[in-house]
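Take 23 as the starting number for the first sequence in my numbering and just add one per residue.
To start, the structure itself, in structure tokens.
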Amino acid sequence: MSISVTKRSEDYARWYTDVVQKAELADYGPVKGTMVIRPYGYALWENIRNIADRMFKETGHVNAYFPMFIPESYMKKEAEHVAGFAPECAVVTHGGGKKLDEPLYIRPTSETIIWSMYKKWIKSYRDLPLLINQWVNVVRWEMRTRLFLRTTEFLWQEGHTAHATYNEAEEEALKMIEIYRQLAEDYMAMPVFVGIKTDAEKFAGAVYTYTIEAMMGDMKALQSGTSHNLGQNFAKAFDVTYLTKENKLEYVYATSWGVSTRLVGGVIMTHGDDKGLILPPKIAPHQLVIIPIWRNDEQKARLMEEVSKITLQFKKEDIRYIVDDNEQNSPGWKFNQWEMKGVPLRLEIGPKDLDKKQVVLVRRDTGTKQFIPIEKLFSVVTNLLQEIQNSLFQQALEFRNQHTHEVENYDDFKKIISNGGFVKAFWAGDGKIEAKIQEETKATIRCIPFKQDQDGVCFYTGKPSKTVAIFAKSY
RNA sequence: CGGGGUGUAGCGCAGCCCGGUUAGCGCGCCUGCUUUGGGAGCAGGAAGUCGCAGGUUCGAAUCCUGCCACCCCGACCA
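Okay, here's the thing in structure tokens:
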């Protein structure tokens, strides 16, 4: 295996796949479009997942598991839903050597099977709200796949909630997109625009779709999480009704929301550089790698003794560290390897340091190297991890702002889009114009941000508008 | 599904045009010794149905036909 990655400036797509493979995050599976998530990549996903899971539970959600096989008839109950998903489904036609009476769809998402169960479980307003999440795999037979960003099978969570009123469902959908914003910005250090999708881009079967949209290193947008207000569409399709306090029969209101292993791709493309990955400390599998450097066994013994003292404290304070005392590889090799894997901090300790009661600390993001007295090590590491976390977010935010341009006419719009970047512009167009813009520029409306406080003129139609939209080419 | 590309050792490739004995190179792997502060050195070693199936030929990695797989770029999508 060669030991460096394609430069981002040379070929961004190749850089991405190089990093994924050389940082040992994932590998191609034997079936087209499938991905093996390797231990290091899975550890990263687990960290993201655990944070999200905690936030879900703190807001009253519980986990459950629904089957991956969905009867064909269920898929077909909600018209928009089947139109949106059926073409990209894997379908099981045989089981136990026999042709099945009814084909089974492998879930592309679980609304239908979950709502078929909710019909059984919801009878009264006392059963509401029902706030269930599941962490599962789903399958979508995509034409073109890319590791983490779009694979035939991927891991995600899908929350499915049932509510008594429209307002409650709306509140839930908004609450969850806010949780996704926090997950992206506060933990993954990935700034996002939060807003609503246009009709053209919303989920098949949703009334409203809310989204977080991040900018990747090549200035394309990544839809990183969505939350849908499903209204009564699925309740009606699956006939899920409840009795109100007033003994009136009403259809239930629903939401669904999800984030996937795509987030891993988002982290890679938000922070990575030509040396490989750069991971935000809060989600990094290892926050710190310790590399002892010795010349003989006696030195190694002394070093390892000091290292075990140091790690004792890290362990106590829940700093995720790894000691690389492998004897086969040279220090230089290890430096490069762990840089490829994006470990936020590197600690070097050798005989010279031991004599001076110090260590060398190197930041992955800036490359800054400093000598730290061992007695101060713990507090310095703690502060540095926080600082790296903040600085990664700030840097990503600056990058995004630098490449987000306001435009007032279509000519400027086209220039910006073809050079790469987000366009932020007043919008008063409709779906037809949106489609035309997409055809001509490949850019779509990523979202209409929640924060709207200005009046202006639509860049395309020239009509007065109070609505700013974010346009970009996307993954 | 359209366009392009690639299938030869675990990985990356050369050889193919112009058929010829034992199919090479780099990295990795194994053993030993010496090394270790930015991708170590030397010596020895293991490892290949040349993507698959037919065909042409005395002889095919190489020529012909068909098929398959994967990657990249588009249309579709988390």
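By construction, the Cβ of each residue, glycine as well, lies at the ideal position given by its N, Cα and C atoms.
Treat the numbers as computed from the prediction; the structure is a model and nothing was measured.
What three-state label does DSSP hand residue i in the structure shown?
i: Gln204; result: helix
i: Ser330; result: helix
i: Ala222; result: coil
i: Pro366; result: coil
i: Arg71; result: helix
i: Arg36; result: helix
i: Met23; result: Residue confidence for Met23 is low, a pLDDT of 35 falling below 50, so the modelled location carries little weight and cannot support an answer.
i: Ala4; result: The requested residue 4 does not occur in the structure, where the chain is confined to residues 23 to 497.
i: Asp240; result: coil
i: Gly63; result: helix
i: Tyr230; result: strand
i: Glu46; result: coil
i: Glu361; result: helix
i: Pro395; result: strand
i: Phe421; result: helix
i: Ser31; result: coil
i: Gln380; result: strand
i: Glu428; result: strand
i: Ala184; result: strand
i: Met77; result: helix
i: Asn189; result: helix
i: Leu215; result: Correcting the residue type first, residue 215 is Phe in the shown sequence and not Leu. Note: Phe215 maps to strand in three-state DSSP.
i: Lys121; result: strand
i: Val53; result: coil
i: Gly372; result: coil
Restricting to Cα atoms, I'd like to know which of the options is closest to residue i.
i: Gln156; options: Thr183, Gln245, Lys197, Trp67; result: Thr183
i: Gln417; options: Val345, Gln474, Asp33, Pro213; result: Pro213
i: Lys304; options: Phe107, Pro314, Val158, Ile70; result: Ile70
i: Leu265; options: Glu46, Thr187, Phe225; result: Thr187
i: His103; options: Glu133, Lys337, Ala112; result: Glu133
i: Met257; options: Ser278, Leu244, Ala48, Glu200; result: For clarity, residue 257 is Ala in the given sequence; the question names Met instead. The option with the nearest alpha carbon to Ala257 is Ser278.
i: Met57; options: Gln245, Asp433, Glu175; result: Glu175
i: Leu271; options: Gly451, Asn351, Tyr147; result: Tyr147
i: Arg129; options: Val113, Ile315, Gly118, Lys224; result: Val113
i: Lys458; options: Lys436, Tyr127, Lys473, Phe472; result: Lys436
i: Gly372; options: Lys356, Val365, Met326; result: Met326
i: Tyr94; options: Thr115, His83, Ala86, Trp178; result: For clarity, residue 94 is Glu in the given sequence; the question names Tyr instead. Checked all of Thr115, His83, Ala86, Trp178; the closest Cα to Glu94 is Thr115.
i: Glu194; options: Ala222, Tyr230, Phe225, Phe215; result: Tyr230
i: Ala450; options: Val274, Asp240, Thr220; result: Thr220
i: Lys379; options: Glu409, Glu361, Glu328, Gln359; result: Glu328
i: Ser282; options: Ile394, Asp347, Leu171, Phe493; result: Leu171
i: Glu501; options: Ile439, Tyr38, Leu376; result: The question about residue 501 has no answer, for the chain in this structure spans 23 to 497.
i: Lys297; options: Thr333, Val381, Gln359, Thr404; result: Gln359
i: Tyr497; options: Leu383, Thr404, Leu244, Tyr275; result: Leu244
i: Ala276; options: Ser487, Ile300, His185; result: His185
i: Leu66; options: Phe107, Asn85, Leu177; result: Leu177
i: Val479; options: Ile470, Thr489, Lys473, Pro471; result: Thr489
i: Ser330; options: Ile341, Val345, Asp340, Glu339; result: Val345
i: Ala35; options: Phe88, Met241, Gly82, Leu310; result: Met241
i: Leu152; options: Ile136, Asn159, Val53, Val160; result: Ile136
i: Pro52; options: Trp37, Gly106, Thr173; result: Thr173
i: Val84; options: Gly354, Ala191, Gly181; result: Gly181
i: Lys44; options: Tyr62, Ile470, Gln474; result: Tyr62
Could you tell me which residues DSSP puts in a beta bridge with residue i?
i: Arg385; result: Leu367
i: Trp157; result: Gln179
i: Gln245; result: Glu235
i: Val104; result: According to DSSP, Val104 bridges with nothing at all.
i: Arg172; result: Arg168
i: Val126; result: First, the amino acid is wrong: residue 126 is Leu here, not Val. DSSP, once it has assigned bridges, lists Pro93, Val114 as partnering Leu126.
i: Gly443; result: Gly443 pairs with nothing; no bridge assigned.
i: Val345; result: Ile312
i: Ala494; result: Thr466
i: Leu150; result: Its beta-bridge partners do not exist; DSSP assigns none.
i: Val41; result: In the DSSP output, where bridge partners are listed per residue, Val41 has none listed.
i: Asn85; result: Asn155
Confirm the yes/no value for this check: CB of residue i, any heavy atom of the ligand COA, distance under 7 Å.
i: Asn85; result: This structure does not include the ligand COA; it has no bound ligands of any sort.
Query raised in the report: When the Cβ atoms of the stretch 193 to 209 are set against those of the stretch 156 to 174, are three or more pairs found closer than 8 Å?
Result: With the cut-off at 8 Å, the stretch 193 to 209 and the stretch 156 to 174 do not touch.
**Report entry** the stretch 220 to 240 contacting the stretch 289 to 296, beta-carbon criterion three pairs below 8 Å
**Finding:** Contact holds: three or more Cβ-Cβ distances are below 8 Å.
Report task. Would you check if the stretch 141 to 158 and the stretch 244 to 264 touch, i.e. whether three or more CB-CB distances between them fall below 8 Å? Result -> Yes, they touch.
Query raised in the report: Can you list, in chain order, the stretches of the alpha helix (DSSP H) that have 4 or more residues and sit fully within the stretch 468 to 492?
Result: Counting only runs of 4 or more, we get nothing.
Query - contact_flag[the stretch 417 to 431, the stretch 391 to 401] where n(CB pairs < 8 Å) is 3 or more - result: Because the criterion of three Cβ pairs below 8 Å is not met, the stretch 417 to 431 and the stretch 391 to 401 do not touch.
Query raised in the report: Where are the beta strand (DSSP E) runs, 3 residues long or more, that stay fully inside the stretch 256 to 311, in chain order?
Result: Correct list: 263 to 265, 271 to 273, 275 to 282.
Query raised in the report: Three or more beta-carbon pairs under 8 Å between the stretch 432 to 446 and the stretch 365 to 379, yes or no?
Result: For the pair of segments examined, the stretch 432 to 446 was found not to touch the stretch 365 to 379: the number of CB pairs separated by less than 8 Å stays below three.
Query raised in the report: Any contact of the stretch 190 to 204 with the stretch 304 to 316, i.e. 3+ C-beta pairs under 8 Å?
Result: The stretch 190 to 204 is not in contact with the stretch 304 to 316.
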